[in-house]
Amino acid sequence: MRDPFNRSAAIVGVSESECGRGVALTPLQHQAMAARKALDDAGLQKSDVDAVMTTDVIGLPSLMLAEYLAIRPRFTDTTVTGGSAFVLFVERAALAIAAGLCEVVLITYGSSLWSDRHRFSTEAVDPRMPSAQFEFPYGDLSPISAYSLAAMRHMHEYGTTSEQLAAVAVASRQWAMRNPGALLREPITVADVIDSPMVASPFHKLDCCLMTDGGGAVVVTSAERAKDLRRPPVYLLGSGFSTTHMTIPQMKDLTISGAVESGRLAFARAGLTPRDIDVVQIYDSFTFSVILALEDLGFCEKGRGGEFVEAGHIGPGGDLPTNTSGGGLSYTHPGALGIFLVIEAVRQLRGDCGERQVPDAQRALVHGIGGWLSAHATLVLAR
Amino acid sequence: MKEQIPTPIPDLDSATYWEAAHRHEFLLQRCNSCERFRFYPRSHCPHCFSGSFRWQRAAGRGTVYSFTIIHKAPSPGFSDKLPYVLALIDLVEGVRMMTNIIECRPDDVEIGMSVEVVFEDLNDKISLPQFRPVSR
Numbered sequence: 360m361r362d363p364f365n366r367s368a369a370i371v372g373v374s375e376s377e378c379g380r381g382v383a384l385t386p387l388q389h390q391a392m393a394a395r396k397a398l399d400d401a402g403l404q405k406s407d408v409d410a411v412m413t414t415d416v417i418g419l420p421s422l423m424l425a426e427y428l429a430i431r432p433r434f435t436d437t438t439v440t441g442g443s444a445f446v447l448f449v450e451r452a453a454l455a456i457a458a459g460l461c462e463v464v465l466i467t468y469g470s471s472l473w474s475d476r477h478r479f480s481t482e483a484v485d486p487r488m489p490s491a492q493f494e495f496p497y498g499d500l501s502p503i504s505a506y507s508l509a510a511m512r513h514m515h516e517y518g519t520t521s522e523q524l525a526a527v528a529v530a531s532r533q534w535a536m537r538n539p540g541a542l543l544r545e546p547i548t549v550a551d552v553i554d555s556p557m558v559a560s561p562f563h564k565l566d567c568c569l570m571t572d573g574g575g576a577v578v579v580t581s582a583e584r585a586k587d588l589r590r591p592p593v594y595l596l597g598s599g600f601s602t603t604h605m606t607i608p609q610m611k612d613l614t615i616s617g618a619v620e621s622g623r624l625a626f627a628r629a630g631l632t633p634r635d636i637d638v639v640q641i642y643d644s645f646t647f648s649v650i651l652a653l654e655d656l657g658f659c660e661k662g663r664g665g666e667f668v669e670a671g672h673i674g675p676g677g678d679l680p681t682n683t684s685g686g687g688l689s690y691t692h693p694g695a696l697g698i699f700l701v702i703e704a705v706r707q708l709r710g711d712c713g714e715r716q717v718p719d720a721q722r723a724l725v726h727g728i729g730g731w732l733s734a735h736a737t738l739v740l741a742r
Numbered sequence: 129m130k131e132q133i134p135t136p137i138p139d140l141d142s143a144t145y146w147e148a149a150h151r152h153e154f155l156l157q158r159c160n161s162c163e164r165f166r167f168y169p170r171s172h173c174p175h176c177f178s179g180s181f182r183w184q185r186a187a188g189r190g191t192v193y194s195f196t197i198i199h200k201a202p203s204p205g206f207s208d209k210l211p212y213v214l215a216l217i218d219l220v221e222g223v224r225m226m227t228n229i230i231e232c233r234p235d236d237v238e239i240g241m242s243v244e245v246v247f248e249d250l251n252d253k254i255s256l257p258q259f260r261p262v263s264r
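If you read the sequences in order, they're chains A and B.
So the number in this note's numbering is just where the residue sits in the first sequence, counting from 1, plus 359.
So the number in this note's numbering is just where the residue sits in the second sequence, counting from 1, plus 128.
Written out as structure tokens, the structure is:
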């Protein structure tokens with residue numbers, strides 16, 4: 360397969376704003392702070408930025424961001440694919456750079472989810488939409504119930520257990536204990552997860568991601584421009600995107616996701632296989648999301664994801680270090696995790712991760728999941 | 129005051145479905161070109177893209193494809209129903225829909241079990257198709 364990027368674009372700056380609970384920042388302030396730090400990290404000025412990408416801010420998100428930061432972009436993207444958007448934006452950035460439409464792309468995300476006490480609200484959806492007519496009246500607990508329905512089917516077909524789901528949360532916490540920026544750093548056990556209150560079977564509270572405030576920014580530029588910047592470039596080797604449905608009843612097989620296609624595309628374009636990956640970042644909205652994605656991306660056989668995580672492959676000391684920041688389960692989750700997956704992958708490839716550093720990490724895979732297992736974006740990155 | 133649950137607002141695609149449900153009739157759209165059923169209602173066939181269809185009375189029977197027992201109410205109107213079963217069911221017509229499984233204990237629900245339609249009147253205009261285990 361033709362590689363559309365061939366190391367033509369690189370991530371050169373990354374940063375969070377300030378993540379946690381009760382952070383006194385508006386979504387735009389989160390983005391401005393993260394942008395400032397990410398540009399500093401890259402050794403670039405705001406005046407170098409000629410493209411912005413963001414979404415999930417009410418109204419016309421990229422225009423609002425550009426105005427707030429006082430940037431006049433010649434390219435913007437606001438593709439809304441849920442939490443996977445900020446992973447997808449890296450591909451879009453590389454595409455626009457390769458086409459010569461822009462040279463320095465600023466990708467940002469910011470949210471005051473925790474401070475606003477906001478969760479996904481059915482009131483925000485147009486009452487004529489299919490989900491409002493055919494799901495909400497049944498007490499659909501979006502997005503949790505979409506993933507719990509998938510997990511229940513996976514358990515039925517493959518014998519996946521609650522203990523195996525819990526193993527993902529335990530591994531995430533073990534990583535978070537090595538990340539000073541993580542929200543939750545107390546050790547937990549499989550029993551702690553299973554003893555936490557049931558939310559929607561089979562998910563207990565500790566199977567579900569956090570709700571926090573936070574923001575992040577990522578700067579992408581051409582390989583040429585990246586050479587002279589402050590930090591070592593992290594190149595995009597391959598990317599893939601796939602969406603199979605929007606609402607969960609329309610997902611044909613709840614045990615096979617669009618990650619099969621997005622992963623296949625990303626690996627083929629990179630000319631690599633799962634064996635070539637040193638560190639993995641998967642959108643862990645729920646423990647089950649990680650098991651499903653590991654299978655669909657080809658890191659283990661279909662149906663064996665539960666055994667795989669239970670065997671210790673993904674935690675510290677495992678041979679497939681996964682969600683090394685602690686992920687959405689233990690590190691942070693201000694509504695959409697995508698940008699933080701990219702930030703952590705870049706830090707691992709630069710060797711910036713201190714106690715949680717994966718030794719000699721050369722290649723990373725980032726996988727964003729948006730909506731109701733709806734939209735999948737996969738990146739293969741390398742230093 | 130009793131808290132309301134979200135009530136469907138019929139649109140141009142779904143008006144016939146909800147009017148029938150109000151009469152406690154369960155209708156599905158069927159394509160006039162490829163003869164396949166579809167759910168949810170929409171203007172064009174998802175299989176062959178034909179815009180020609182008819183409404184046909186469905187058997188109102190299916191099997192549980194997956195389910196989850198909800199322990200946390202999505203909005204206050206569901207609080208007094210907790211815990212309840214949210215399920216995806218495969219109808220005999222070959223389409224899948226979301227529903228609750230009612231008239232049984234949540235712990236008795238199993239994937240693969242047979243269910244049949246029963247109507248829940250939400251107000252004087254809207255009745256919701258619900259499913260219960262088929263009595264043996």
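Virtual Cβ for every residue (Gly too), placed ideally from N, Cα, C.
Please read all numbers here as calculations on a predicted model, not as lab measurements.
Closer than 7 Å to chain B by CB, residue i
i, result
"valine 373/A", "no"
"histidine 515/A", "yes"
"methionine 557/A", "yes"
"leucine 524/A", "no"
"serine 752/A", "Lying outside 360 to 742, the shown extent of chain A, residue 752/A is not represented and no answer is given."
"arginine 644/A", "A small fix is needed here, since residue 644/A is serine in this sequence, not arginine. Not an interface residue."
"proline 608/A", "yes"
"serine 601/A", "no"
"serine 504/A", "yes"
"leucine 631/A", "no"
Extent of the continuous alpha helix (DSSP H) run through residue i
i, result
"aspartate 399/A", "386-401"
"leucine 701/A", "First, the residue type needs correcting, since residue 701/A is valine and not leucine in the sequence shown. 697-709 is the extent of the alpha helix (DSSP H) around valine 701/A."
"serine 648/A", "646-655"
"isoleucine 547/A", "Run containing isoleucine 547/A: none; DSSP gives neither H nor E here."
"methionine 412/A", "Note, methionine 412/A: premise wrong, no alpha helix (DSSP H); beta strand (DSSP E) at 410-412."
"glycine 665/A", "664-669"
"leucine 447/A", "444-457"
"serine 421/A", "420-428"
"alanine 368/A", "Where alanine 368/A is concerned, there is no enclosing alpha helix (DSSP H), although the beta strand (DSSP E) it sits in stretches over 368-375."
Test: residue i CB closer than 7 Å to a CB of chain A
i, result
"threonine 144/B", "no"
"methionine 225/B", "yes"
"histidine 150/B", "no"
"asparagine 160/B", "no"
"histidine 172/B", "no"
"threonine 191/B", "no"
"serine 178/B", "no"
"methionine 129/B", "Residue confidence for methionine 129/B is low, a pLDDT of 45 falling below 50, so the modelled location carries little weight; the figure read from the coordinates is stated next. So no, methionine 129/B is outside the interface."
"histidine 199/B", "yes"
"leucine 256/B", "yes"
"isoleucine 239/B", "yes"
"valine 245/B", "no"
Where residue i meets chain B, residues with beta-carbon distance less than 7 Å
i, result
"phenylalanine 495/A", "Pro134"
"aspartate 499/A", "Pro202, Leu214, Met226"
"arginine 487/A", "Ile137, Asp139"
"serine 616/A", "Simply none; closest approach about 14 Å."
"leucine 613/A", "Ser194"
First through last residue of the beta strand (DSSP E) which encompasses residue i
i, result
"alanine 559/A", "557-559"
"arginine 182/B", "181-185"
"proline 257/B", "255-261"
"aspartate 141/B", "Neither: aspartate 141/B is in no beta strand (DSSP E) and is coded neither H nor E."
"glutamine 157/B", "155-159"
"leucine 724/A", "722-729"
Closer than 8 Å at the beta carbon, the chain B residues around residue i
i, result
"glycine 441/A", "What glycine 441/A touches in chain B: nothing, since even the nearest Cβ is about 18 Å away."
"glutamine 533/A", "In chain order: nothing, as chain B lies at least about 27 Å away."
"alanine 491/A", "Pro134, Pro136, Ile137"
Beta-carbon spacing of residue i, residue j below 7 Å
i, j, result
"serine 178/B", "serine 161/B", "yes"
"aspartate 572/A", "serine 471/A", "yes"
"cysteine 659/A", "leucine 651/A", "no"
"alanine 509/A", "leucine 613/A", "yes"
"glutamate 231/B", "arginine 260/B", "yes"
"valine 237/B", "phenylalanine 195/B", "yes"
"leucine 700/A", "glutamine 609/A", "no"
Interface partners of residue i on chain E, CB under 9 Å
i, result
"proline 204/B", "Here the protein chains are A and B, and chain E is not one of them."
Neighbour list for residue i in chain A, Cβ cutoff strictly below 9 Å
i, result
"phenylalanine 165/B", "Neighbours of phenylalanine 165/B on chain A: none; closest Cβ ~14 Å, over 9 Å."
Chain-ordered chain A contacts of residue i [CB-CB under 8 Å]
i, result
"serine 263/B", "What serine 263/B touches in chain A: nothing, since even the nearest Cβ is about 22 Å away."
"phenylalanine 195/B", "Leu508, Met511"
"lysine 209/B", "Gly498"
Cross-chain neighbours of residue i in chain B, by beta carbon under 9 Å
i, result
"serine 560/A", "Phe195, Thr196, Ile197, Ile198, His199, Pro211, Pro234"
Would you mind listing the beta strand (DSSP E) stretches within the segment 195-242 of chain B that are 3+ residues and don't spill past its ends, in chain order? 212-219, 224-228
What are the uninterrupted segments assigned as alpha helix (DSSP H) that are 4 or more residues long and contained completely in the segment 600-626 of chain A, given in chain order? none
Segments of 3+ residues assigned as beta strand (DSSP E) that fall wholly inside the segment 491-575 of chain A: 557-559
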